[in-house]
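Number of protein chains: 2
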Amino acid sequence: MQTRDVDYRCEEANLRGYLAYGNAAGPRPGVLVFHEGLGLNEFAMERARRLAELGYVALAADMFGARRQGKNLQEIATLVGGLRAEPEKLRARGRAALATLAALPQVDADRCAAIGFCFGGSVVLELARAGADLKAVVSFHGVLATKLPAQSGQVKASVLVCTGTEDPLAPPDQVAAFEDEMRAAAVADWQVISYGNTLHGFTNPAADGSMMRTALYNEQADRRSWASMQSLFDEVLT
Amino acid sequence: MQTRDVDYRCEEANLRGYLAYGNAAGPRPGVLVFHEGLGLNEFAMERARRLAELGYVALAADMFGARRQGKNLQEIATLVGGLRAEPEKLRARGRAALATLAALPQVDADRCAAIGFCFGGSVVLELARAGADLKAVVSFHGVLATKLPAQSGQVKASVLVCTGTEDPLAPPDQVAAFEDEMRAAAVADWQVISYGNTLHGFTNPAADGSMMRTALYNEQADRRSWASMQSLFDEVLT
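These protein sequence lines map, in sequence, to chains H and F. To convert, take the position in the first sequence, counting from 1, and add 364; that gives my numbering. To convert, take the position in the second sequence, counting from 1, and add 364; that gives my numbering.
In structure tokens form, the structure reads like this:
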């Protein structure tokens with residue numbers, strides 16, 4: 365497997381992504397990985413490598429610039445809040461990552477998808493709402509609310525939301541509002557998987573409740589949601 | 365593959381199930397199949413055969429007696445309504461099917477599960493609520509409401525609900541109430557998969573909107589929900 369850093373820009377920001385791909389010949393489907401509020405760290409990189417093992421060209425994007433990390437809740441709030449307040453800026457950064465991935469010679473630009481965790485989950489949903497050329501987006505414990513709801517006919521991607529029923533960042537009324545948004549926008553393919561007894565951050569083994577009491581790894585939900593992502597990719601990327 | 369009718373009783377009712385199993389040696393996991401309001405017909409039998417192909421011993425139960433069929437909405441309402449009005453009777457019929465399956469020499473009684481479609485979906489949920497010895501129950505477009513909500517600690521089965529977001533028999537507020545029920549009863553393992561753009565009856569190719577305008581086959585949701593059932597069975601039955 366090959367891995368390397370990839371520098372790219374979005375307006376004034378210098379972004380440093382992380383690329384992983386196997387040795388299979390010919391253009392392959394590409395998958396973007398959008399990090400949590402913690403920033404592009406080993407967790408997102410490991411997911412990129414797992415995708416590479418599955419045969420995809422995976423680019424873990426850097427949404428904060430200079431691979432900045434959120435080391436505590438306050439730093440995360442500042443980094444995430446700055447982009448959430450300006451959804452067009454957030455979308456532009458997401459699109460810059462997609463353009464970088466799609467331009468790689470290893471990648472079949474017509475077969476790209478995006479996954480995201482926590483903050484990254486909202487990024488992939490924003491890209492879908494913006495009508496990005498993605499076959500699929502998968503949000504893992506992402507925030508589902510938006511300032512710019514999807515407009516009718518705009519979403520091209522198959523949308524899969526994997527959420528914990530006890531996630532205080534995506535409570536039941538937010539899930540219901542998201543479903544209403546998908547309905548109103550006549551999104552052609554969308555599904556929501558709700559895991560019982562599951563809190564925020566369920567895919568990240570480092571989520572032990574110490575930084576955020578309500579973020580807790582759940583091996584079962586992690587495994588199930590990853591398998592559901594693979595099934596969707598088998599459908600739409602091959 | 366072997367298939368044959370299996371007669372069994374529940375109180376005054378004569379029930380005629382349909383058994384399907386392959387030729388693998390040794391006791392195998394057993395799966396009950398509970399039919400729609402239409403009664404035990406070719407649809408449920410075909411699902412039993414598919415389960416047999418996957419290595420399970422499958423018994424398609426007869427909930428109405430004498431393999432009675434609902435030929436129109438009025439007949440279905442009478443057949444289903446009679447059992448819904450008496451949930452203990454409905455549960456007893458479900459348990460009779462489970463006892464019949466578990467007693468078969470081919471079956472490992474400690475590894476049984478139940479799936480159900482439409483009316484049969486509510487049957488498997490009632491069995492789970494009653495604390496039946498099932499490793500898993502899967503409801504496909506079932507009604508989720510109950511007269512006898514699960515009590516804390518009573519549910520042993522892993523619960524998977526596959527539902528269409530546009531199913532008028534399981535509208536969003538019913539799904540929300542079901543999730544509250546699972547929470548309140550501290551069910552150890554439960555998940556809900558909501559398929560967008562999907563109506564009632566999505567697994568049955570015969571559902572073409574003619575008998576019930578809001579029951580419509582959806583090949584994608586059918587395939588996805590069956591795959592999710594298989595994943596759960598891989599987890600808990602092997």
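Every residue, glycine too, gets a C-beta built ideally from N, C-alpha and C.
The beta carbon of F:Gly560 falls within 8 Å of a beta carbon belonging to chain H, placing the residue at that interface.
Residues of chain F whose Cβ lies closer than 9 Å to the Cβ of H:Val551 are, in chain order, Gly560, Asn561. For F:Ser595, the C-beta contacts it makes with chain H under 8 Å involve Arg588, Ala591, in order along the chain. Our two residues, H:Thr442 and F:Gly446, have alpha carbons roughly 59 Å apart in a direct line.
Taken through DSSP and simplified to helix, strand or coil, H:Ala408 comes out as helix.
Contact annotation: H:Gln518 and H:Arg493 have beta-carbon atoms nearer than 8 Å. The beta carbon of H:Ala534 does not come within 8 Å of any beta carbon belonging to chain F, so the residue lies off that interface. Contact of H:Thr529 with chain F is assigned, a C-beta pair being separated by under 8 Å. Going by C-alpha positions, H:Asp537 is about 12 Å away from H:Asp531. For F:Asp369, the beta-bridge partners assigned by DSSP are F:Tyr382. In this structure, F:Gly386 lies near F:Glu417, with their beta-carbon atoms less than 8 Å apart. The beta-carbon of H:Val519 is placed no less than 8 Å from the nearest beta-carbon of chain F. Beta-bridge partners of F:Arg392 (DSSP): F:Val471. Close CB contacts of H:Pro451 within its chain, under the 8 Å cut and outside five residues either way in sequence, are with Glu490, Thr510, Lys511, Leu512 (chain order). In summary, H:Met593 is buried, with 16 or more beta-carbon neighbours lying within 10 Å of its beta-carbon over all protein chains present. Of the residues assessed, F:Gln366 falls on the exposed side of the cut-off, its CB having fewer than 16 other CB atoms within 10 angstroms. The closest CA to that of F:Phe428, considering only F:Asn436, F:Gly458, F:Met409, F:Ala422, is found on F:Gly458. Within the stretch 463-533 of chain F, complete beta strand (DSSP E) segments of at least 3 residues are found at 471-481, 500-504, 522-528, given in chain order.
Straight across, the Cα-Cα distance linking F:Asp572 with H:Pro535 is about 35 Å. Ranked by how close their Cα comes to the Cα of H:Ala585, the residues H:Gly528, H:Met576, H:Ser503, H:Ala477 have H:Gly528 in first place. Shortest Cα-Cα distance from H:Leu580 to any of H:Ala591, H:Leu563, H:Arg588 involves H:Leu563.
Counting every other CB atom within 10 Å of its CB across the protein chains shown gives F:Asn436 a total below 16, marking it as exposed.
Rounded to the nearest angstrom, the Cβ distance from F:Asn568 to F:Phe407 is 5 Å, consistent with a contact under 8 Å.
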